[in-house]
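K.L.:
Sharing a structure here in structure tokens format.
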Amino acid sequence: MSLKGWYPLVLARDITPGTSAGTRVEGKEFVAWRDDKGAPHVWEDRCPHRGMKMSFGFVRGDHIACLYHGWQYDTAGQCRYIPAHPDLDVPKTIKIPTFGVAEAGGIVWGNFDAEGEDAAPHPDLPEDITPLRTVFADCPAALLVELIPLTPLDEITPAVKTTAERVIEIRLGDITLMAGIQPVAEREVALHIVAAGSPPRDQLKRLALWAEQLRRDAEEAAANEKIAEIAA
Amino acid sequence: MSALTLYNYDLDENCYKVRLLLSCLGVEADQVAVDVMPGKENLSPRILAMSPFGALPVVRQDDLVLYEAEAILAWLARTRDPQGRFLPEDPAAFGRVMMWLAFSARELDAAVQARSTAMLDTPGDIDALRAAAREALRAMDDHMTRQHIDGFEYFAGAEPTIADIALFPSFALSRDYNVDHDAFPALRRWARAVRKIDGFITMPGIPEYH
Amino acid sequence: MKRESVIFTFTGKIVPESFVAFARHRAARLDLPLALLASDDTSVAVAVDGQVDLVDAFDMACSLGPHDCIVLDVERAPASPALFESRNERMGQ
Chain A
1 MSLKGWYPLV LARDITPGTS AGTRVEGKEF VAWRDDKGAP HVWEDRCPHR GMKMSFGFVR
61 GDHIACLYHG WQYDTAGQCR YIPAHPDLDV PKTIKIPTFG VAEAGGIVWG NFDAEGEDAA
121 PHPDLPEDIT PLRTVFADCP AALLVELIPL TPLDEITPAV KTTAERVIEI RLGDITLMAG
181 IQPVAEREVA LHIVAAGSPP RDQLKRLALW AEQLRRDAEE AAANEKIAEI AA
Chain B
233 MSALTLYNYD LDENCYKVRL LLSCLGVEAD QVAVDVMPGK ENLSPRILAM SPFGALPVVR
293 QDDLVLYEAE AILAWLARTR DPQGRFLPED PAAFGRVMMW LAFSARELDA AVQARSTAML
353 DTPGDIDALR AAAREALRAM DDHMTRQHID GFEYFAGAEP TIADIALFPS FALSRDYNVD
413 HDAFPALRRW ARAVRKIDGF ITMPGIPEYH
Chain C
443 MKRESVIFTF TGKIVPESFV AFARHRAARL DLPLALLASD DTSVAVAVDG QVDLVDAFDM
503 ACSLGPHDCI VLDVERAPAS PALFESRNER MGQ
């Protein structure tokens, strides 16, 4: 399956400079990392040497190194240094595929379209936000979105509206959330949630608890759906 | 103070909890290597006399013999931590630390078993253990997400305690039982905070970097 | 790093088309120019030119061979630099 358009991958807050995180889109593995200058990068999550996940590796300045044998790559994905062969002028063929990346609305987005140059612009999102958390659920993406109104926040029923591709707005009374929907795999989703403005701490904690309950409700529903499928 | 003996196996994450706290407290111990694999020395009469199921770590000081990593952590914090950093006196904080110690011995034990089954071929239902371990890590990530909202970097508050020491190994070693860190962003941040503790040391399987 | 030009002769049970394609692929991966010198069902001779460590990596990679070939022996001999001279001139080396 080819991946079109922009996919939310991780909350910007959750990859600080010098750190990385593995992620999957429709089952394909990618690594999102941030160099010491703060620029985000999205690459294939595999070292060309022995296939070790680069997301297990470590960031040193503007290079990321594979944990296995320390092969170092620059921000273009080019291998620059192989510790076992320090005098080697590393051939240009040793390179990790890199993808389009953007940061908007407190989320890091990836674009995996082969024709990257003509890619549509990333979602236009408000920047006056407070990151809340990502909900990782064993549940198909579409089902999770359908279930949001069924998880109340205290007495409030959430209202959901799609505002862009893979972007929804969730209203809970006078609280507005924005979320990016990442289809991780067929029955797995990541929902990256931010709050509009700067809600007070106790409200953020209520929202965090609500998000945990959303995950539970979604996984229960997905499990029931699976049982129904098998029974049918 | 008398010499402390630690009966240890380097690959055991429960032993690592004690080694880690000893290092953070700057306390020396005589380490006795117990040949668990392949020797099964932890099931020898000598060890069984101290720990009835052969569980490590065991510490001995004079006539005192303790097993259960969590109990050892609490005893070390009580006796070797003059500033009371790692086990607070304040009742509420103390309660929280004890809750997470119990969690590490109970809910998170699935992770210890999952790792043992995956790496040492110990009999066990790897899928069930892995699923239970993942649920425990999720509960930990949920908690730390809320701790971060409150401005705290550690499980029981602004400072590290034996709760963090007890919970750290199973998260750090999760790849050993096939659970990645990708779905635990709050725990990734917390792990970086644990690495910053003065005296922090690793064990085989936990990288030195950062 | 020091460079060298080497003729490798791989002998064993060989499927020539398969082995040659495999060797070309490995050389390309290491960015080493490759010249095919001879091939039959018992041996393939190729020459490569480049940094010493990459030539060693090529040796290792081809010794394992594709799945339908068994490499029983590998011999190395210095190649005439002339084999790659004009290419190296073009590459500005």
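Chain order of the listed sequences is A, B and C. Number 232 in the working numbering belongs to position 232 of the first sequence; there are no gaps in the numbering. When you read off a place in the second sequence, starting at 1, and then add 232, the result is the number in the working numbering. When you read off a place in the third sequence, starting at 1, and then add 442, the result is the number in the working numbering. Even glycine gets a Cβ: it sits at the ideal position worked out from N, Cα and C. Every value quoted in this text rests on a predicted model; they were computed, and no experiment measured them.
#1: Since A/PRO140 is in the beta strand (DSSP E), which residue starts that stretch and which ends it?
#2: Below 8 Å on the Cβ atoms is my contact criterion, and I expect B/ASP373 with B/ALA334 to pass it. Report the Cβ-Cβ distance as a whole number of Å.
#3: Cβ atoms of A/LEU144 and A/THR207: under 9 Å apart, would you say?
#4: Using a Cβ-Cβ cut-off of less than 9 Å, give me the residues of the segment 413-431 of chain B that come near chain A, in sequence order.
#5: Mind the definition here: the segment 235-242 of chain B touches the segment 277-297 of chain B only if three or more C-beta pairs lie below 8 Å; say whether that holds.
#6: Compare the C-alpha of B/LEU257 against each of B/PHE326, B/ILE438, B/PRO355, B/ARG317 and name the closest.
#7: Between which two residues does the beta strand (DSSP E) holding B/THR311 run?
#8: Please tell me whether A/ILE175 and A/ALA195 are closer than 9 Å, where the distance is taken between their beta carbons.
#9: Can you tell which of A/GLU229, A/TRP43, A/LEU204, A/ALA222 has the C-alpha that lies nearest to the C-alpha of A/GLY100?
#10: Leaving aside the five residues before and after B/ALA437 along the sequence, list all residues of the same chain whose C-beta is less than 7 Å from its C-beta, in chain order.
#11: Please classify B/SER348: does DSSP put it in a helix, a strand, or coil?
#12: Quick one: complete alpha helix (DSSP H) runs, 4+ long, within the segment 359-412 of chain B?
#13: Determine the closest residue to A/THR93 out of C/PHE500, C/ARG471, C/VAL488, with distance taken between C-alpha atoms.
#14: Going by beta carbon distance, what residues of the same chain come within less than 7 Å of C/VAL488, once the five residues before and after it are set aside?
#15: Note down, in chain order, every chain A residue with its Cβ under 8 Å from the Cβ of B/ASP374.
#16: My output table needs one value for C/CYS504: the three-state DSSP class, helix, strand or coil.
#17: Evaluate C/ALA521 with the Cβ neighbour count: other Cβ atoms within 10 Å of its Cβ, from every protein chain shown; 16 or more gives buried, anything less gives exposed.
#18: Tell me which same chain residues have a C-beta within less than 8 Å of the C-beta of B/ARG310, skipping the five on either side of it?
#19: Grouping DSSP H, G and I as helix and E and B as strand, with all else coil, what is B/TYR248?
#20: Taking A/PRO8 as part of the beta strand (DSSP E), name the residues at either end of that continuous run.
#21: Tell me which residues share the same chain as B/PHE326 and place their Cβ nearer than 8 Å to its Cβ, disregarding the 5 neighbours each side in the sequence.
#22: Between C/ARG474 and chain A, is any beta-carbon pair separated by less than 9 Å?
#23: Give, in chain order, every unbroken run of the beta strand (DSSP E) that is at least 3 residues long and sits entirely within the segment 12-58 of chain A.
#24: Quick check: the Cα distance between A/GLN72 and A/GLY18, rounded to an integer number of angstroms?
#25: Given that C/ARG471 touches chain A, what residues does it touch there, using C-beta distances under 9 Å?
#26: Out of curiosity, what's the CA-to-CA distance linking A/GLN203 and A/GLY173?
#27: If A/ALA211 sits next to A/VAL135, beta carbons under 8 Å apart, how far is it from one beta carbon to the other, in whole angstroms?
#28: Within 9 Å of any Cβ in chain A, is that where the Cβ of C/LEU479 sits?
#29: Can you have a look at A/ASP53 and say buried or exposed, based on whether 16 or more other CB atoms are within 10 angstroms of its CB?
#30: Could you name the residues of chain A that B/ARG176 contacts, counting a contact when the two beta carbons are closer than 7 Å?
#31: Is the segment 417-435 of chain B touching the segment 366-386 of chain B in the sense that three or more CB pairs, one from each, lie closer than 8 Å?
#32: Between A/ASP14 and A/LYS37, how many whole angstroms is the CB-CB distance? I'm expecting something under 8 Å.
#33: Using Cβ-Cβ distances below 9 Å, what residues of the segment 15-49 of chain A are close to chain B?
#34: For a quick check, are the C-beta atoms of C/ASP491 and C/GLU446 less than 9 Å apart?
#35: In chain order, what residues of the segment 358-386 of chain B put their CB closer than 7 Å to some CB of chain A?
#36: Using beta-carbon positions only, say whether B/THR393 and B/PHE384 come within less than 9 Å of one another.
P.N.:
Let me lay it out:
#1: Premise fails: A/PRO140 is in no beta strand (DSSP E) and is neither H nor E.
#2: B/ASP373 to B/ALA334, Cβ: 18 Å. No contact.
#3: In the sequence as presented, Thr is not what sits at residue 207 of chain A; that position holds Leu. For A/LEU207 and A/LEU144, no; Cβs fall outside 9 Å.
#4: HIS413, ASP414, ALA415, PHE416, PRO417, ALA418, ARG420, ARG421, ARG424
#5: Yes, they touch.
#6: B/ARG317
#7: Counting along the chain, B/THR311 falls outside any beta strand (DSSP E), though it belongs to the alpha helix (DSSP H) covering 301-312.
#8: yes
#9: Among A/GLU229, A/TRP43, A/LEU204, A/ALA222, the Cα nearest to that of A/GLY100 is on A/TRP43.
#10: Ala is not the amino acid found at residue 437 of chain B; the sequence shown has Gly there. Excluding positions up to five away in sequence, the list reads LEU405, ASP408.
#11: Look at B/SER348 here: in three-state DSSP terms it is helix.
#12: 394-404
#13: Ranking C/PHE500, C/ARG471, C/VAL488 by Cα distance to A/THR93 puts C/ARG471 first.
#14: Setting aside the 5 residues that flank it on each side, C/VAL488 is surrounded in the same chain by PHE450, ALA465, LEU476, ALA477, LEU478, LEU479, each with a C-beta closer than 7 Å to its C-beta; the list follows chain order.
#15: The answer, in chain order, is ALA208, GLU212.
#16: helix
#17: buried
#18: Non-local C-beta neighbours of B/ARG310 in its own chain, meaning closer than 8 Å and more than five positions away in sequence, comprise LEU319, ordered along the chain.
#19: helix
#20: 6-11
#21: LEU319, PRO320
#22: Note on residue identity: the sequence assigns Leu, not Arg, to residue 474 of chain C. So yes, C/LEU474 belongs to the interface.
#23: Within the segment 12-58 of chain A, the complete beta strand (DSSP E) runs of at least 3 residues are 20-25, 28-34, 40-44.
#24: 14 Å
#25: PRO48, PRO91, THR93, ILE94
#26: 12 Å
#27: 5 Å
#28: no
#29: What sits at residue 53 of chain A in the sequence shown is Lys, not Asp. Classification for A/LYS53: buried.
#30: Shown here, chain B extends from 233 to 442; a query on residue 176 of chain B therefore has no answer.
#31: yes
#32: Not quite, the Cβ-Cβ distance comes to about 18 Å (not below 8 Å), so this is no contact.
#33: Going along the segment 15-49 of chain A in chain order, one finds ILE15, THR16, GLY18, THR19, ALA21, GLY22, THR23, ARG24 with a Cβ nearer than 9 Å to chain B.
#34: For C/ASP491 and C/GLU446, yes; Cβs fall inside 9 Å.
#35: ASP374, THR377, ARG378, ILE381, ASP382
#36: Contact: no.
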